[in-house]
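From first to last, the protein sequence lines stand for chains A and B. Each step along the first sequence adds one to the number in the working numbering, with nothing skipped, and position 54 is 54. Each step along the second sequence adds one to the number in the working numbering, with nothing skipped, and position 26 is 126. Where a beta carbon is used, it is the ideal one built from N, C-alpha and C, also for glycine.
Number of protein chains: 2
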Amino acid sequence: MNALNLARIQAFMREIKEWSLESNAIVKEFRFADFKSSMEFADKVAEISERMNHHPSILIEYGLVRLTITTHSEKGLTEKDFELAKEIDLLHK
Amino acid sequence: MNALNLARIQAFMREIKEWSLESNAIVKEFRFADFKSSMEFADKVAEISERMNHHPSILIEYGLVRLTITTHSEKGLTEKDFELAKEIDLLHK
Chain A
1 MNALNLARIQ
11 AFMREIKEWS
21 LESNAIVKEF
31 RFADFKSSME
41 FADKVAEISE
51 RMNHHPSILI
61 EYGLVRLTIT
71 THSEKGLTEK
81 DFELAKEIDL
91 LHK
Chain B
101 MNALNLARIQ
111 AFMREIKEWS
121 LESNAIVKEF
131 RFADFKSSME
141 FADKVAEISE
151 RMNHHPSILI
161 EYGLVRLTIT
171 THSEKGLTEK
181 DFELAKEIDL
191 LHK
């Protein structure tokens, strides 16, 4: 899967909500009431990422989960990154 | 629980292994073979932190878990931080 050019990245960005571009990655923060809820969400994200064989970086804090998605092998963003973001957004509507 | 002074922090640092001091926190990275193993370790850390009612920041990447422990309410390190670090080290000997 090849790295996307900027035009395609911008098109994909319009398909996902509240993710931001940070250098070669897309990033989103999810807020929760407590640590347990944050961890439960992180576990669901991990399940999806195992199934898709594509893994985000997950930062868990007390009431916050921050996800960073990129395709390391391409040193850029690919369709796979946006597919993962869309699946994750379905968890947390 | 009060923030520790530097002499006490240094004494506690000698009781834990491979943690480093970073401003007001102690930090340690744990390496794993894959994402699933990283996530399983993070879940165990979360269980301990729920039991102790003291929560680290947990960064999960493919083969890495990075823990950052501090006491936000004291804007510094307390005994509770080192107690949590010791419990976590028992998981991963």
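| Item | Value |
| --- | --- |
| Neighbour list for A/Lys-36 in chain B, Cβ cutoff strictly below 9 angstroms | Ala-146, Glu-150 |
| Residue interval of the alpha helix (DSSP H) (run including A/Leu-91) | 79-91 |
| Spatially closest choice to A/Met-13 from A/Asp-81, A/Lys-44, A/His-55, A/His-72, by CA coordinates | A/Asp-81 |
| Cβ pair A/Thr-71, A/Ser-57 closer than 8 angstroms | no |
| 8 angstroms CB neighbourhood of A/Glu-22 in its chain, flanking five on each side removed | Thr-68 |
| Of the listed residues A/Arg-31, A/Glu-61, A/Gln-10, nearest to A/Ala-25 (C-alpha basis) | A/Gln-10 |
| Minimum Cβ-Cβ distance from A/Leu-84 to chain B less than 8 angstroms | no |
| Buried/exposed call for A/Ala-33, threshold 16 Cβ in 10 Å | exposed |
| Euclidean distance between Cα positions of B/Gly-176 and B/Arg-108 | 12 angstroms |
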